[in-house]
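Here's the structure we're looking at; comments come further down.
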Amino acid sequence: MALLPIVRVPEPVLRQKTKKVKKIDTSIQKLIDDMIETMYAAPGIGLAAPQIGVSLRIFVVDLSLGHKAEDLMVFVNPEFVELEGMQLEEEGCLSVPGFNATVARPMRAAIRGLDRHGTMRTVEGKELLARAFQHEMDHLDGRLFLDRVRGIKRDLIVKKIRKMARAGKW
Ligand SMILES: [Zn+2]
């Protein structure tokens, strides 16, 4: 396994719509292993392939940060089956490190996708898990949580990042 560098905004790959994985072969499985290791090392509760510079529909999630094996989930070519309700919570992103903002999202999300062995299954999440699913699904469509933040707050974060980038601190 290998740790991969996590790309940050405004890296263009974060804005691309990802491509479906045609076949889960050994190279895809290695990519998944590397994504899991990179997510744990960050540490983060989710990581999507564009965040390591790969424009494919894959993401990994683990709310336990590696402490409970059953919490680790891999999704290849996922799609929403259901979205319901509303929650308002703070959210952050490994590609926008150091910044959090409140984001409104559905309270419950069910997604359907392949696991690492190519088996199709549907998983339903509530609260933080539903939020993680939606955050990572956004990445697969080239969207960031910042896009869902109110204008003034978003402008402030974007300005701070530009300033840090100019100073070579981003
Ligand atoms: Zn993110």
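According to the numbering used here, the residues represented by the sequence shown are -5 to 164, in order. The C-beta atom is built at its ideal place from N, Cα and C for all residues, glycine as well. Predicted model only: the values in this text are computed from it and were never measured.
Coarse secondary structure for residue i, derived from DSSP in three states
{"i": "F139", "result": "helix"}
{"i": "M80", "result": "coil"}
{"i": "P91", "result": "coil"}
{"i": "K154", "result": "helix"}
{"i": "G162", "result": "coil"}
{"i": "V68", "result": "strand"}
{"i": "E5", "result": "coil"}
{"i": "K147", "result": "helix"}
{"i": "A98", "result": "strand"}
Reference residue i, options the options, closest by Cα
{"i": "H111", "options": "I39, I52, W164, H129", "result": "I52"}
{"i": "I105", "options": "E83, T96, N71", "result": "N71"}
{"i": "A95", "options": "K24, R137, D141", "result": "D141"}
{"i": "V117", "options": "V75, M80, E5, K153", "result": "V75"}
{"i": "K62", "options": "Y34, P44, G86", "result": "Y34"}
{"i": "P91", "options": "V7, K154, L(-2)", "result": "K154"}
{"i": "I26", "options": "L122, S89, P44", "result": "P44"}
Residue i and residue j closer than 8 Å at C-beta
{"i": "I0", "j": "I46", "result": "yes"}
{"i": "A103", "j": "L82", "result": "no"}
{"i": "D19", "j": "A(-4)", "result": "no"}
{"i": "L134", "j": "T12", "result": "yes"}
First through last residue of the beta strand (DSSP E) which encompasses residue i
{"i": "E118", "result": "114 to 120"}
{"i": "L108", "result": "102 to 108"}
{"i": "I52", "result": "52 to 55"}
{"i": "A42", "result": "40 to 42"}
Expected contact under 8 Å - CB spacing of residue i and residue j to nearest Å
{"i": "L138", "j": "V54", "result": "At roughly 18 Å, the Cβ-Cβ gap does not stay under 8 Å, so L138 and V54 are not in contact."}
Span of the alpha helix (DSSP H) around residue i
{"i": "L25", "result": "20 to 35"}
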